[in-house]
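Okay, so the sequence shown: first residue is 59 according to this note's numbering, each after it adds one.
Note that beta-carbon positions come from the ideal geometry of N, C-alpha and C, so glycine has one too.
A short write-up of the structure that comes next.
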Amino acid sequence: MDSIRNIINGKKGLIVGIANENSIAYGCASVLRELGAEVAVTYLNNKAEKYVRPLAEKLEAPLVMPLDVEQPGQMQQVFSDIEQHWGKLDFVIHSIAFCPMEDLHGRVVDCSRDGFQQAMHVSCYSFVEMARHAEPLMKDGGSLITMSYYGADKVVENYNMMGPVKAALESVSRYMASELGPKGIRVHAVSPGPLKTRAASGIAHFDQLIDDAIARAPQNKLVDIEDVGMTCAFLISNAARSLTGQTIYVDGGHHIMA
């Protein structure tokens, strides 16, 4: 932990996706803050702010900003605020996803065009947009990290339309890693095993998915949000300077099982 702290300390980054203390984004923010990084955080809307702001205070976040990626101008404002406050950026953690419930609970074949477009916009294109805004602020290189899931690569029962959406997210991560690599900007998708977050509660029969993951994983246990945070800390650190464009599984080995 101390050795990682030495190469994380003082790094400045944006973390998007905190909804409550069980959010993957909050697990990442907590670990990175403990290791000496400074974090700016966002909240979705006024309703979410009352849950996020107390967590931001624990993180000693100097910037707590609204960000609904579907609202024009909000993302530009976030990065403008960061530029004014820090003048630079070392990392971004993108941990947001959304799919309308009627499309998430139905067959991929039956999904609506509007639902598919909204899911792709919030869950995938928003990462592309964040990368575009972050690029000029990463003057000394940096790290862009998004959250994926095993359902991007294999068919997972009840994951439905989010599987193709996460597959697209992993693909854009690889292309952006290629495009931004010459500037020292590394891009990764981190793929945790199933976690009991508010977002995951929308997946039908999620408890069964968790039970299956525990039974199949070689370690026979779930990971937690701190595990994901420690992985992100490594990827952000200079120890991972030669890694980019990868999907990193943090799932107790579940993804290796046939």
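Test: residue i CB closer than 7 Å to a CB of chain C
{"i": "Ala235", "result": "The structure shown contains no chain C; it holds only a single protein chain."}
Residues that DSSP places opposite residue i in a beta bridge
{"i": "Leu202", "result": "Val150 and Val245"}
{"i": "Ile343", "result": "An answer regarding residue 343 cannot be provided, because it is not within the stretch 59 to 316 covered by the chain."}
{"i": "Pro124", "result": "Tyr101"}
{"i": "Glu96", "result": "Lys70"}
Nearest-angstrom Cα separation, counted from residue j out to residue i
{"i": "Ile314", "j": "Tyr109", "result": "37 Å"}
{"i": "Glu339", "j": "Ile268", "result": "For the chain, the structure presents residues 59 to 316; residue 339 sits outside this window and is missing."}
{"i": "Ile140", "j": "Met196", "result": "12 Å"}
{"i": "Ile294", "j": "His246", "result": "10 Å"}
{"i": "Gln304", "j": "Ser170", "result": "31 Å"}
{"i": "Tyr208", "j": "Pro276", "result": "15 Å"}
{"i": "Val308", "j": "Val186", "result": "23 Å"}
{"i": "Arg123", "j": "Arg91", "result": "The question names Arg, but residue 123 is Met in the sequence shown. Taking the straight line joining both Cα atoms gives about 18 Å."}
{"i": "Leu93", "j": "Lys212", "result": "34 Å"}
{"i": "Lys224", "j": "Ile203", "result": "13 Å"}
{"i": "Gly251", "j": "Asp161", "result": "22 Å"}
{"i": "Ile132", "j": "Asn80", "result": "A quick correction: the sequence has Gln, not Ile, at residue 132. Each residue's Cα considered, the two are about 25 Å apart."}
{"i": "Leu125", "j": "Gln135", "result": "9 Å"}
{"i": "Asn64", "j": "Asn296", "result": "10 Å"}
{"i": "Glu237", "j": "Leu117", "result": "32 Å"}
{"i": "Ser206", "j": "Gly68", "result": "27 Å"}
{"i": "Glu128", "j": "Ile151", "result": "18 Å"}
{"i": "His312", "j": "Arg274", "result": "6 Å"}
{"i": "Phe149", "j": "Val166", "result": "34 Å"}
{"i": "Glu115", "j": "Val99", "result": "10 Å"}
{"i": "Asp285", "j": "Cys86", "result": "9 Å"}
{"i": "Asp172", "j": "Phe137", "result": "28 Å"}
{"i": "Leu280", "j": "Tyr101", "result": "27 Å"}
{"i": "Pro120", "j": "Ile66", "result": "17 Å"}
{"i": "Ala226", "j": "Lys241", "result": "23 Å"}
{"i": "Gln176", "j": "Val248", "result": "22 Å"}
{"i": "Ile82", "j": "Ile76", "result": "7 Å"}
{"i": "Pro222", "j": "Ala210", "result": "6 Å"}
Environment of residue i [buried if 16+ CB atoms lie within 10 Å]
{"i": "Arg244", "result": "buried"}
{"i": "Glu96", "result": "buried"}
{"i": "Asn218", "result": "buried"}
{"i": "Met159", "result": "exposed"}
{"i": "Ser88", "result": "buried"}
{"i": "His143", "result": "exposed"}
{"i": "Glu228", "result": "buried"}
{"i": "Ser153", "result": "buried"}
{"i": "Asp168", "result": "exposed"}
{"i": "Ser184", "result": "buried"}
{"i": "Gly71", "result": "buried"}
{"i": "Gly145", "result": "exposed"}
Under the three-state DSSP convention, the category residue i falls into
{"i": "Ile73", "result": "strand"}
{"i": "Phe116", "result": "Before going further, note that residue 116 is Lys rather than Phe in the sequence given. Note: Lys116 maps to helix in three-state DSSP."}
{"i": "Lys197", "result": "strand"}
{"i": "Asn296", "result": "helix"}
{"i": "Asp270", "result": "helix"}
{"i": "Gln135", "result": "helix"}
{"i": "His163", "result": "coil"}
{"i": "Glu79", "result": "coil"}
{"i": "Glu187", "result": "helix"}
{"i": "Tyr207", "result": "coil"}
{"i": "Cys157", "result": "coil"}
{"i": "Glu228", "result": "helix"}
{"i": "Val214", "result": "coil"}
* To do: Pair every Cβ in the region 97-106 with every Cβ in the region 294-313, then say whether three or more of these pairs are closer than 8 Å.
  => Proximity of the region 97-106 to the region 294-313 falls short of the contact definition, fewer than three beta-carbon pairs being nearer than 8 Å.
* Do the region 232-242 and the region 275-290 make contact, defined as three or more Cβ pairs closer than 8 Å? -> As far as the Cβ criterion goes, the region 232-242 does not touch the region 275-290, which means the pair count is below three.
* If we count Cβ pairs, one from each stretch, closer than 8 Å, do we get three or more for the region 111-122 versus the region 174-190? -> Judged by pairs of C-beta atoms under 8 Å, the region 111-122 does not touch the region 174-190, as fewer than three such pairs exist.
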